[in-house]
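Just below is one structure, and these are the notes that go with it.
There are 4 protein chains.
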Amino acid sequence: MKIKAGIIGSAGYTGGEMLRLLINHPDVEIAFVHSNSNGGNLISDVHTDLLGDTDLRFTEELSQDIDVLFLCVGHGTAKKFLEENPVKEGIKIIDLSQDFRLAGAAGTDWVYGLPELNRERIRTAKFIANPGCFATCIQLGLLPLAAKGLIKNAVHINATTGSTGAGQGLSPTSHFSWRNNNLSVYKAFDHQHLNEIGQSLVQLDAQFDVPLHFIPQRGDFTRGILAAMYVESDLTAEEALKVYEDYYAGHPFTHVSKNNIDLKQVVNTSKGIVHVEKHGDQLLVISIIDNLLKGASGQAVQNMNLMFGLDERQGLRLKASAF
Amino acid sequence: MKIKAGIIGSAGYTGGEMLRLLINHPDVEIAFVHSNSNGGNLISDVHTDLLGDTDLRFTEELSQDIDVLFLCVGHGTAKKFLEENPVKEGIKIIDLSQDFRLAGAAGTDWVYGLPELNRERIRTAKFIANPGCFATCIQLGLLPLAAKGLIKNAVHINATTGSTGAGQGLSPTSHFSWRNNNLSVYKAFDHQHLNEIGQSLVQLDAQFDVPLHFIPQRGDFTRGILAAMYVESDLTAEEALKVYEDYYAGHPFTHVSKNNIDLKQVVNTSKGIVHVEKHGDQLLVISIIDNLLKGASGQAVQNMNLMFGLDERQGLRLKASAF
Amino acid sequence: MKIKAGIIGSAGYTGGEMLRLLINHPDVEIAFVHSNSNGGNLISDVHTDLLGDTDLRFTEELSQDIDVLFLCVGHGTAKKFLEENPVKEGIKIIDLSQDFRLAGAAGTDWVYGLPELNRERIRTAKFIANPGCFATCIQLGLLPLAAKGLIKNAVHINATTGSTGAGQGLSPTSHFSWRNNNLSVYKAFDHQHLNEIGQSLVQLDAQFDVPLHFIPQRGDFTRGILAAMYVESDLTAEEALKVYEDYYAGHPFTHVSKNNIDLKQVVNTSKGIVHVEKHGDQLLVISIIDNLLKGASGQAVQNMNLMFGLDERQGLRLKASAF
Amino acid sequence: MKIKAGIIGSAGYTGGEMLRLLINHPDVEIAFVHSNSNGGNLISDVHTDLLGDTDLRFTEELSQDIDVLFLCVGHGTAKKFLEENPVKEGIKIIDLSQDFRLAGAAGTDWVYGLPELNRERIRTAKFIANPGCFATCIQLGLLPLAAKGLIKNAVHINATTGSTGAGQGLSPTSHFSWRNNNLSVYKAFDHQHLNEIGQSLVQLDAQFDVPLHFIPQRGDFTRGILAAMYVESDLTAEEALKVYEDYYAGHPFTHVSKNNIDLKQVVNTSKGIVHVEKHGDQLLVISIIDNLLKGASGQAVQNMNLMFGLDERQGLRLKASAF
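Here it is as structure tokens:
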């Protein structure tokens, strides 16, 4: 018996990635693919890489005959959608927006869906707030330290994201003529993902109380985030490596690389890779993910797998693009 | 006494290039920089690379106290602008749109501004219709043959343009996430520039009467056009080389390369380079230009130089970006 | 009982793609991963995207306890390898080089492994000569016409390839500083793949006897080939579409798009997509593949699937990178 | 009377940029263009963008009949060259390597050639050690603070460089297939340019004694460096802006932008642009340069202009590539 899945907002980037993943997921049947603007159109007319893979069409209708609902709409819209469209008891919800990530606002039915932080709670969750892309990448770099209470000084973070992180809306900073061969800083010290990162660090270390200095950058590539972060630390290189290896030992998607890493190792996969180096008294952590997969739709599927008792990697053994 | 220049449509790509060129042109004084949407704003707030180079501001006012007017507005808009804003007798006009390129529609006051075709007529012209970018690149590859009556069979042309050729308007095909690492064909056999190319070939060879099969492509780079074209020919490789070298002998911006060429040889310059090879009975011609310079604003300045009796290269000895 | 596979030349690009595919292929067990230069090293130290996916190591040893051998070495080296390392009777060989593609040189044991041309012969073949990347892309565009005897005039082909087509060797034309934002023509009218294309067209149409004019180009992207080709034709647009749809009706990896296409629709998949347009008396065919998958390792797995009686798509339902 | 210039190592990237600049410099005559590996060859056969601009050839001969010698060879080679080829008294030398940047090793004849730091000393210098590219970009961001003694806490710097920063040598990290769409960290906390930066900060502020934490990154573009750096500071945003505006008031190539900046504002120019923002108690400084121009050959020409009493901008009013 397959899991019946519905997708809201399926004409966007994260919706498209949901489709690319679920179409090949052996335990999922796509019940409906909702889009307000594309009702009736072939999915492969919008996500044209799916030509030949599916004859599904977008629909404007909603159905309650599903087991799980993925919300792939914008921030604010997810909350509004659920208010206007009450979902039948028993249907699990996985929301990719930021609307339910902060516990205070979301209430107790929602679990923050970062398996490397909350795997057991996710298994039994009703609703999942899927983490942000920067937030995932940075947390993968910091959780092992926080779990041991080892973040005692300000953390310095610089992270560069691909253009898909900004969605498919047209804007001057997503214009090819501008972005190609370009680089820029935005929302310095003020990115909205800092809140969910802080919440997670406090969850692991109630004493956590140092600043996270975060400089986000727009890169001239389409997929992926590379975060370089460092903090003063007493750990030796060997001790630091062990902290990370121990923390991620049971996690199938997050790996510790002994060698230096580069962004394309994870592009088009749902993996995260971290690498740690010690320089004087500073511990450097480099963390990479694909913003649309481990940073969005891949993690959503990982959460679904956990919620439905499947192998965490089901449907997510993806071929890296590598080049 | 400097040439007083006005620019209409100066917030766009070709308008910006006009500014980048004229600011450093030793014989030109910029009289006004017109923009409907940016009146009062600093030029360097829109063309941000000009920060520190100029304190000029856009204006919504027009002045007739100029020697030359550059029209950098869209197709159709140039004609309309001139109808609504009659220009004082004696002011020279250089229009970068396609509105006056075809002799039938433009009337006798307009000269098609391709110096490699019409240099002497340009010197005495009142008004110049500046050629299209694809049209310039392809004509540089074909004019020497046409001048000798050597195009007797269908010509096969494939040319790939950078994203700036599509202007700064936002569109799905100029979205970075789509265009990066992508390639596509558009307007196959039907590009509007075929008309002006045909007109020029007939000008040189009244017998010219074969098809030009033209496949335009959108490349994933910002600047430049590379056109590869071939035609059946009796010429030997040496004869063909001589035809091209002779034709371009007196032209300071168009060069014949004995070695194979690549697009970046001309990027950020106002040069054209052609390379010819003979393969069996086919004569292959590769032609490269920067679409915004030799294909637009650089050629406009070249035309201005000719019209005002200046050295054709004045203000156009540009450093190639090379990489 | 899984198929035991060995890979020769597994440190290169096509060898890496073989590994990325076979690691997730449900019916394959990797017996050994041969590399002369990397014996003993972790695969994930060379193909670093495989970190966390496999603990396999390269070996310098060869084993005969396999069912299929993939040769991922350079042109010339494959033939030499087989001469120096006789393979036990019964082991199937799939060679990705060009050494056995031409029937005259290869002898009768070898079948040219293009499923869209030779599917039934592949099922029973001992040895497979896997087609070239340009050759695959262009043949997908021409086979349906040839099968009906409809190629009666010269065919004009321009195709642009990504950098991975040139392998991982370091060279001036694969230097990032040169290739980024660049475009160039190479081996015009003279690419070695013309031979295998011609052989296939004659196989389908013994009367085939017109020139294929082929201009290959180096693009500034990593993966994929887009070929634009045209030929004079009496077919209407509708008739042409039907010819292509009929020909590919039973083929799971090659699709006909009614809409215009762009390269990224197939990147990181093993699909081919073709699109046909009629312009005057010219029939335009655009064809796209990923050069490393449908143009190399993906097609090798497709051939293996056919040879071992598996579903042709087994292990090849790949998530497109899309962006 | 023009300045006679000789160039050593003129087949490399910085040598090529020297040529591109000096060919159009109104006060310079190129005396010789030295290359060990290309003697006798046309310059335009190596720097192919110069086709049509010069008929000069590389030479293996050295001449002492020059006014200034530019050394564009690798680190270590410059020192060795001067030991083996004593230069006649009175010839000024501008060395682009790092061999003479540190005062202790270089001796008193050498001046560190950063005009924003040492303009007056450069005017009368015999020999100039041209600064490194990262070093220039970062110093432009820090000099104004150091000059006021305002750097009292650790500085956190992340800077991303284009591929030309690594020169034209072939290497895995400059392979297009690897670098395109990629990002990586290298030499974290340990880049050799930290020494010259520290030396300059001490020159301005003898009390300077805090760590510079520097994470260099390899970007997937060809030209340019963007550095984002921050430090705890008591300055208000307005005060900080004034500190920078005052410091750079008389410097024609370094500008302070009130708006946020992006890398392409300076690509293919010899400008630097800095932008400052205050966030809580942290002062963020973003600094951009073209690594081959303000970071190498452009700055070398700027130094030459100062040494010979020319307008500092002579030959350096470059058209930005902008896109």
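So the sequences go chain by chain: A, B, C and D. Using numbering that gives the first Met the number 0, read the first sequence as starting at 0 and increasing by one per residue. Using numbering that gives the first Met the number 0, read the second sequence as starting at 0 and increasing by one per residue. Using numbering that gives the first Met the number 0, read the third sequence as starting at 0 and increasing by one per residue. Using numbering that gives the first Met the number 0, read the fourth sequence as starting at 0 and increasing by one per residue. Note that CB positions come from ideal geometry on N, CA and C, so glycine has one too.
- Not flagged as an interface residue toward chain A: C/Gly218, since no C-beta distance is shorter than 9 Å.
- In this structure, DSSP gives A/Lys257 a state outside helix and strand, which the three-state scheme calls coil.
- Under the DSSP definition of a beta bridge, D/Arg56 partners with D/Leu41.
- DSSP places A/Thr47 within a helical segment (H, G or I) once states are collapsed to three.
- A residue is called buried once 16 or more other Cβ atoms fall within 10 Å of its Cβ, and D/His74, having fewer, is exposed.
- Close to chain C, meaning a Cβ-Cβ distance shorter than 8 Å, is no residue of the region 230–253 of chain B at all.
- Contact annotation: in the region 172–193 of chain C, residues whose CB is within less than 8 Å of a CB in chain B are Ser176, Trp177, Asn179, Asn180, Asn181, Leu182, Ser183, Val184, Tyr185, Ala187, Phe188 and Asp189.
- Rounded to the nearest whole angstrom, the C-alpha separation of D/Ala319 and D/Glu28 is 24 Å.
- The beta carbon of B/Asn267 falls within 9 Å of a beta carbon belonging to chain D, placing the residue at that interface.
- In the DSSP assignment, no residue is bridged to C/Asn290.
- No Cβ of chain B is located within less than 9 Å of the beta carbon of C/Asn304.
- Shown in chain order are the members of the region 276–300 of chain B whose Cβ falls below 8 Å from a Cβ of chain C: Glu276, His278, Gly279, Gln281, Leu283 and Ile285.
- The beta carbon of C/Lys87 sits closer than 8 Å to those of Gln63, all from its chain and outside the five residues before and after it, given in chain order.
- Closer than 9 Å to the CB of A/Asp108 there is not a single CB belonging to chain C.
- Distance from B/Met228 to B/His155 at the Cβ level is roughly 6 Å; contact confirmed, criterion being Cβ atoms closer than 8 Å.
- Residues of chain C whose Cβ lies closer than 8 Å to the Cβ of D/Leu18 do not exist, since the nearest Cβ in that chain is about 17 Å away.
- Taking all protein chains in view, the Cβ of C/Asp280 is surrounded by fewer than 16 other Cβ atoms within 10 Å, so the residue is classified as exposed.
- The alpha-carbon separation between A/Leu262 and B/Ala187 amounts to approximately 37 Å.
- When D/Ser269, D/His192, D/Arg217 and D/Ala146 are compared, the shortest CA-CA separation from D/Ala134 is found for D/His192.
- Taking a beta-carbon distance threshold of 9 Å, A/Asp261 counts as an interface residue toward chain D.
- Beta-bridge annotation (DSSP): A/Gln281 is paired with A/Glu231 and A/His278.
- Secondary structure remark: continuous beta strand (DSSP E) runs of at least 3 residues inside the region 140–181 of chain B, in chain order: 154–160.
- Per the C-alpha coordinates, the member of A/Asn152, A/Gln202, A/Gly249 and A/Ala30 positioned closest to A/Phe69 is A/Ala30.
- The Cβ atoms of B/Val242 and B/Pro143 lie closer than 9 Å to each other.
- Sequence-distant Cβ neighbours of D/Glu59 in its own chain, meaning closer than 6 Å and more than five residues away, are Gly38.
- DSSP places C/Gly297 inside the alpha helix (DSSP H), whose first and last residues are Ser296 to Met306.
- Minimum Cα-Cα distance from C/Leu116 among the listed residues C/Leu203, C/Arg19 and C/Pro251 corresponds to C/Leu203.
- Straight across, the Cα-Cα distance linking C/Pro215 with C/Thr160 is about 8 Å.
- Closest in C-alpha terms to D/Val265, from the list D/Gly223, D/Val110 and D/His46, comes D/Gly223.
- Look at the beta carbons and you see the region 6–14 of chain B not touching the region 41–61 of chain A: under three pairs across the two are nearer than 8 Å.
- Under the three-state reduction of DSSP, D/Ser62 is assigned to coil, being neither helix nor strand.
- Distances from the alpha-carbon of B/Val201 to those of B/Ser232, B/Ile2, B/Arg120 and B/Leu149 put B/Leu149 closest.
- Secondary structure note for B/Pro215: its beta strand (DSSP E) is the uninterrupted segment Leu211 to Arg217.
- A/Asp219 counts as buried, since no fewer than 16 other beta carbons sit within 10 angstroms of its beta carbon.
- Listed in chain order, the non-local C-beta contacts of D/Ile2 below 8 Å within the same chain comprise Asp26, Val27, Glu28, Asp66, Val67, Met303 and Phe307, local neighbours out to five positions each way being set aside.
- For A/Glu28, the uninterrupted beta strand (DSSP E) run begins and ends at Val27 to His33, by DSSP.
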